[in-house]
Amino acid sequence: MEDRDISHSGREQQTSPRPFLGEEEEEGAAGQFCDVEEHWEEYKLEGKLVAGGKMGNKDTPEDVGDQSDSSTESLEHCLGDMNNTQAIQSADRILISGIQRNLKLLDDIVKKKELVAQKNRHKLSACRLRIKMLAKQLDHVDMEIEKEEEAGNVAALSRLRAVSSRLCTELEREKELELIIALKLKQNMLEMWQVETEQGKYETLREQVQKDEEELQMQHREQREVRIWKEKSTALQAEGKRRSREKKEEKAQKEYEERKKKILKDARRNHEKAAFFLKQSTARIHEKIAKEEEKTREHMERRIQAVLSLKTSITSNREKLQTLQVLNKAKALEAEKEEMKMREAILAEGGNVVKEIFLHKRQLKHEKEKQAFRELQKSRKIEIVSRILQEKASVHKQRKSQSHTKASKARGGVQAPSLQGTAAWPCREEPCTGAQSWHSPSPPSLAGEGTASGGGSSENIPQGVLWESGDDEEEDKTLLEPEFPGLWDQEYDLHKIPKEEVDPTQLFIRAAKKEMSEEKPEEFQTGILPKQKVPAHEHKGCAFYSKPSCIHFKDFDVGEIYKKKIILTNASYSVNYCRLVGISECLKDFISVHFDPPGKMSSGMSCEFVVTFKPMINESLEGEVMFVAQTGSFSVPLKCTVKSCILALDKELIDFGSHVVGETISRTISLTNSGALGTRFKVQTSAGDRSTHRATGKPAPGRMVTPHPSACDPEEVSTSPVPAGPGKQEWICAEPSEEVPQEPQEPESSSATEQLGQEVSAIRSDLDTGNISNLVELSPEETPVEIMLGKVTEGDIGPFSSVKIPVLFVPAVPGDVRAEFVIMFDNPDCKPLSFSAMGVAVDVPIWVPNPSVDLRICLYDRLYQDCVVLQSRATTTLRFKFEVCKELSKHLELLPKTGYIQAQATFNAQLKFLPRQSLPEDAGSYFNAETRILEVPVTIVILDKAKTVTFTVHAIVSTSDLEISPAQIDFGYCTIYEAVQANVVVTNRCLLPQEFGFVGLPEFVEVQPNDGFGIILPLESLTLDIIFKATKAQEYSFELTCTTEINRQFKLSCKAVGVHPPLELSHSLVQFAATALNSVSEATLDVLNAHVSGNSLTHAVPRVGRGDPAPVGPTAFEFHVPEDCPVTITPSVGTVMPGQRSSIRVSFSPTLSDQLIREEAARRLRGAAVPEAGVQIPSGPPECLTDKGKKDEKKKRRKLSTSIPKQSGENGDGKNLTAVESSGEPKPEELKPDSDAYRAAQAALMRSFTGSFEKYIIPCFVASGRAAGEKGSGNLSFSPYNTLYLELHCPAVAPPVLVTSDNGNNAVHFGDVAVGHRRMKRITLENISPGKVELGFSALNPNGPFLLVRAVGMLEPGESKPLIISFCPNEDKWCFETLDIRAVNSNFSLHLSGHGVVPGMVCSVEGVLDMGYVMAREKVTATVKIQNTSSLTLPFSLQLDSLSPTRDRDRQDIPAFLTSSVQRTEVVGTQNYSGLSVFSVFPTEGKIEAGESQEFVVTFSPDHESLYYSDLLRVVLFGKQTAHKIPLKGAAREHPVFVEGGVPLDVPVESLAVTAPVASQEALRGDPQEPVRSLLLLLEYVDGGGPAEPARAELRVGAMDSPLLAKKAVEFSLDSVPELEQAGIELETPKGTLDRGQEQRVRVSWAPPPDLQVSDPPLVTALLTLKGDITECYRVLFMPRVVSACAPTE
């Protein structure tokens, strides 16, 4: 079908419509239609074949006889037919469309031909019509000519004759045109008929195409029907699958329900069984607990008895020790006496005293050691025997317990697994003998247990051991120890059982310590735990700190679940670990701890554990969470407190002060609940005090008090609740059974109480002494209630809230009033709180409702007014006047000064207050200068009654000054292109906020912020910026005015000098966009020189202030950029001519500080080395380290990058640590920028870079003249005041994309690459920004060696993609290029570099490597040396053309021997019959380093005789470049003799027929001998103008170095010498002998004789005979001839 489609497409291309240009195209179209007809015949034939195939398909089921009509097989059959039909349809459709196009083209040709013929007919008819008209006109003219001839009109006759000739000419043209048009018409008609004939031929084709179209339509209908049937069958199958799936689901649902019912039934049954077993287990547990308690009690009694016995034994041992000490002293004296005697004896004998005594002491010591060793052996034997006996006893007990357990199981008893484990646990403890001491640390949790250093104390024995040996008798032990404090020295209740001793948690701690002692017997046997030591420090205290230090569940609710996460930090100096032991017994039902042991933790590391609290009862709990660490046990306290009410009053005493009868004064007291539980309160008067108490009398006395004892008794006051703070009292109501401790009263409240008591006692004494007669006590019924409660007397107070309780004072009777109140609470845990209130009532006829007139804050020199209201309770009109103290009469005035007030009426007086500046001096004691408070008493004198009423005027007098610092500003020299800023501080000395503003500012001054306007708060200082910008070159001196809202003005003096520099900058401020690190942002600005004229009258000229103008001419500039500034200005120095400008480029390239990178790298190296160093420097002695620890230490030491010396002992800790720090700690200055640590630190800092913003001000110095180094430069006129300043705003951000490969190195170095070869580099880019980044790349040099192979388009956040760049140099040079990578707001560059190297090699063989003659089936080798002269490592391979994979294809060409010798190019000659290569080389591949050489061994190993062994050895570099070609050549003989020379007479290609070598040998040995080979020696004599030289040639005869020639030499001889001499041929050495490995040259020369026939050159034959192992004959043909000097030789 594919071939058919291709042919059809070809036909479509051939039958495409073309424009008609002539007859050739029509013929081509006819040819196309012929091709169409041929293709149509082919199409019909294919259709028949396809139809036959269909019929074959239809008959196949009938032949086979398969009658299975399943729906699946029929569907597949229909699908297969449909696929075939579709293929046929597509092919038919293509062919039919092509035929239709061709038929349409034929119809178009017919229509065009008809149109052309119709046009030609019209032209012919028009031409004939013109001919008729011209003939008529000619006849008419002839008639006119005849008339004029008759008339004799010559003029008309000549005119008519001319017209007649013209008409004749036109008539002839028309006739010629008629012939032409008729011919064309005939031709067109002929063509049209031909086309119509062709059209008639294809009528059958049209009909056939129509039929095919109908068949295609039928096929389409059939396909639709098949598709519909297929969809229906698919729908039926889907319906069947759905029904089966529903059935399966129903079945699965039923099975699930049955399984669920069964599970529920089993669960109920299991629950019943579990409940039954649980009851039994609970009963057994209770019994077990009771037994354990009984056992514990017995154990404690035994312990008490043990302690008592220990005490008695210690007492007896003390006496024994004293006795022993006396005995030891006596023995020592005796020994000294004996030694003295021995000395005297030795001296008497004349011996060496020192030596003899030394030997004697050593002998005694040896005997003591022997005795001690014997005793030690005995004790060890006893110990072993005791242990064996104990083990037997324990085994016996265990067997008994097992038998008992089996018996109980047999009886049906079930024991809980937990109880079994608990019962079996103590039995697993090993017995502790008296010789061993178990010394544990004394943490706070175990402080109650007494610990002694002696080994005989029973309290040092683990609890389990004591339980195990409960029935055994304790052995008597003797304590040979000095005196120490024991339990009897303390007040210790022996009958009180400590909680820790019966707590299973403590037992578990002891078991854990037992395991630790087994793990580290050396430490625990000696009783020494490892101390946490570092050089010069020793850790003391708990090894772990918890955060928080106390676990406090506060204000919990029953039923809720609370969780807290606690962090444990290793606070020791070395590696430690911790393990959870448990929690207090009282907390086990409510507290659960989740703790995963973290293993070993380094110092400073932390771990977490979670405490879950589920309260079940509403009670406060306290306990601890216990842990055990390597250094001992520790605990974290835990507290759970219930909700409580914490109630407090803000004050105890409410003092209303003095008030006039009839007023109503209100005060409030606050009740605060700082607890989480609310309650209901009720305020009432205290018991026994139904109402207020007072003492009344006449108005004379100054004080009136109540004689009630509750109001004045100091003891009553002291029994009130203790205040919780100044003026507060507090009750904490949490637990009813506990007493709340009272806090000590603070000094202020105590002093206030004492003062109050003193005043009350003073008042009592006054009343008792002077005014007892005037007192009249009122009955309780007559006493009015003057101090009462407000509206709030009871209510609810919620948690963490407060309530204000109002108290009212309504004075009715003059005198002192006091009342006591108590607050009761519904919560029984909260005790009542009490407070008291007191006031003084005054009775005057005129009183002021507002006795204190507060004018608040007043300013000097401002008038303030207020209204003073007087009220009268008298029944008559009263006259009064106001009196103000003399000191304040200038400042305070009341109008009117004298007035009348009507009975039972009010009077309004006006108060005027105008404080002047002299107020502080005038007021005296009424004014406090520090607080600025003024208190002025004003007296109202009632003239008729001689009574006075006073009220007080209060005011805070403040100044309204604003202080400006400094008072004068000098801006200095300022150019007209810049602004100078100075800061001033404005301070408000007033106590009121003031509005201020700088008004009337000149145009060259600006005040910021808010343009100099604002509000300044009291005593606040604001910093304002005064910005000065000179408009022209002059000296400025001006004042700034700051005005306040009250129209006060404050001056600020300013001066400056304006400078007009010769140059100016187009932009003085450059704001760079946010630039990523290692990216570059650029800006361009100009330096302008507008100074073209020195005329100061027409325009402003450059000058400094009022100085001389700058000269007109070239002006130089220079930008000074700081060293650490990441800004580059190009050019930084230049000269600007007058009226011109110079462009400069400012580049901002932010980078990380080199010092910062070095410090980060050093910190990282230190961080990597510190854990390893911590492993290497042990905190304990070296003996504590095990062999395994030493091995691990050695392994870790190998991993360290810095060497750390090993400690030699404990005393060298500090020195070794110093050595570690000095040698191992890297210095930032020593790190190199190309090191891995430097690059890693740089990448880490770039990742963590958060951005920065820097401002730089770059000065530009200006000088008149040319810059240094330019033509015409000389002395420059420089002024520092002409300096211009360029401000740069440089924001830096982190780059969105980082190079992560090669430690973030942006330089890609390809190294040395051979010219023409390509090397790839993969650079990984990572997106470190939070959003997507789309990258763009700059274009590399299209003719350069670098190529961007794979670019990166889009990077997702955190995604990394590789960027592939290749380097392919084309010449020997260094190549550098920069690839810019652009992101959204940043760009960075990759610096590409590489070195193109031309690979150079030198071969030791130049030309052909001739291996010479070799015996067949023998080998000969040769060495070829190749040297690499380039700087590149060259990979090479050696290839032989005979082994080339394309050799078989190349041998299909014409054989080489059929071409001339000039045209022969084949280099591969004869090969071995065995198929192995005749030439081989070793090695065949490898690498040659730069400057090195490589030797190759070439082996020649022929397997038969041939003279044309050859091959080509190629040295290929990089697998594709041929560096050298070495032709290989060799010859092989069956015999060790050879002859070489002359012109070859045979072809260099062997025959395919292989001749037997034996036959040739027999032929050689037989007689007569036949020549083996013919040799042609061509002797050409050159006939020229020069001297005549004879023609020369030579033959080479040789003998190989073969063992066949070991016996005799080779003889050779050349016969026919006379004939040769006759022909003029001379021979040198025609005979000779050859030894092994020798060669002989037979030289031949010829000079032409005089009678030589040039046209007939002579040919002389000679026979060359060689005699070696065999005899060989060679026919030598000598052909001399004469050639001219200019003739070419063949």
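According to this note's numbering, the residues represented by the sequence shown are 404 to 2093, in order.
The beta carbon of each residue, even a glycine, is placed where N, CA and C say it ideally should be.
By the Cβ rule, the segment 1800-1817 does not count as touching the segment 1755-1766, because fewer than three pairs are nearer than 8 angstroms.
If you ignore the 5 residues before and after residue 1476, its C-beta comes within less than 8 angstroms of the C-beta of 1484, 1694, 1788, all in its own chain and listed in chain order.
Going by DSSP, residue 1659 is part of no alpha helix (DSSP H) but of the beta strand (DSSP E) stretching over 1655-1667.
Boundaries of the alpha helix (DSSP H) harbouring residue 643: 606-752, taken from the DSSP string. Beyond the five residues adjoining it in sequence on each side, residue 1279 comes within less than 7 angstroms, by CB distance, of 1306 in the same chain, given in chain order. DSSP places residue 2025 inside the alpha helix (DSSP H), whose first and last residues are 2020-2025. In the three-state scheme derived from DSSP, where H, G and I count as helix and E and B as strand, residue 1081 is classed as coil. The segment 1041-1056 makes contact with the segment 1235-1249; the number of CB pairs closer than 8 angstroms reaches 3 or more.
Excluding its 5 nearest sequence neighbours in each direction, residue 1383 has C-beta neighbours in its own chain below 6 angstroms: 1374, 1377, 1431, listed in chain order. Of the other Cβ atoms in all chains shown, fewer than 16 fall within 10 Å of the Cβ of residue 1633; this residue is therefore exposed.
Here the alpha carbon of residue 1036 sits roughly 17 angstroms from the alpha carbon of residue 1011. DSSP links residue 1986 through a beta bridge to 2087. With a cutoff of 9 angstroms on beta-carbon distance, residue 1423 and residue 1450 are scored as not near each other. Contact annotation, residue 1285 with residue 1312: C-beta distance approximately 7 angstroms; criterion of less than 8 angstroms satisfied.
Close CB contacts of residue 1228 within its chain, under the 6 angstroms cut and outside five residues either way in sequence, are with 1082, 1084 (chain order). For the set 1232, 1318, 1216, the Cα lying nearest the Cα of residue 1258 is the one of 1318.
Taking C-beta separations shorter than 7 angstroms and ignoring five residues to either side along the sequence, the partners of residue 588 in its chain run 520, 523, 524, 527, following chain order. By the 16-neighbour rule on beta-carbons within 10 angstroms, residue 1369 is exposed.
Listed in chain order, the beta strand (DSSP E) runs fully inside the segment 1511-1565 are 1518-1522, 1530-1533, 1536-1539, 1544-1551, counting runs of at least 3 residues. According to DSSP, residue pairing for residue 571 in a beta bridge does not occur.
In this structure, residue 1340 sits near residue 1288, with a CB-CB distance shorter than 9 angstroms.
Judged by beta-carbon spacing, residue 1998 lies within the 9 angstroms limit of residue 1945, meaning their Cβ atoms are closer than that value. Short of 7 angstroms from the beta carbon of residue 1983, and not among the five residues preceding or following it, lie these beta carbons of its own chain, in chain order: 1994, 2084, 2086, 2092. Between the alpha carbons of residue 1233 and residue 953 lies a gap of roughly 27 angstroms. Here the segment 539-546 lies against the segment 564-576, with 3 or more beta-carbon pairs under 8 angstroms apart. Distance between residue 741 and residue 756, taken at the CA atoms: about 14 angstroms.
Within the same chain, and ignoring the five residues on either side of residue 2081 in sequence, the residues whose Cβ sits closer than 6 angstroms to its Cβ are 1980, 2028, 2063. Contact annotation, residue 2030 with residue 2045: C-beta distance approximately 7 angstroms; criterion of less than 8 angstroms satisfied. When only Cα atoms are considered, residue 991 and residue 1049 end up about 29 angstroms apart. In this structure residue 2040 touches residue 2002 by the C-beta definition: roughly 7 angstroms separates them, less than 8 angstroms. Within the segment 958-1018, complete beta strand (DSSP E) segments of at least 3 residues are found at 965-973, 981-986, 994-997, 1009-1016, given in chain order. For residue 1821, there is no enclosing beta strand (DSSP E), as DSSP marks it with neither H nor E.
Distance from the CA of residue 1398 to the CA of residue 1415, rounded to the nearest whole angstrom, comes to 11 angstroms. If you draw a straight line from the Cα of residue 1499 to the Cα of residue 1523, it comes to about 31 angstroms.
In the displayed model, residue 1350 falls within a strand according to three-state DSSP. In this structure, the beta-carbon distance from residue 1886 to residue 1821 does not fall below 9 angstroms.
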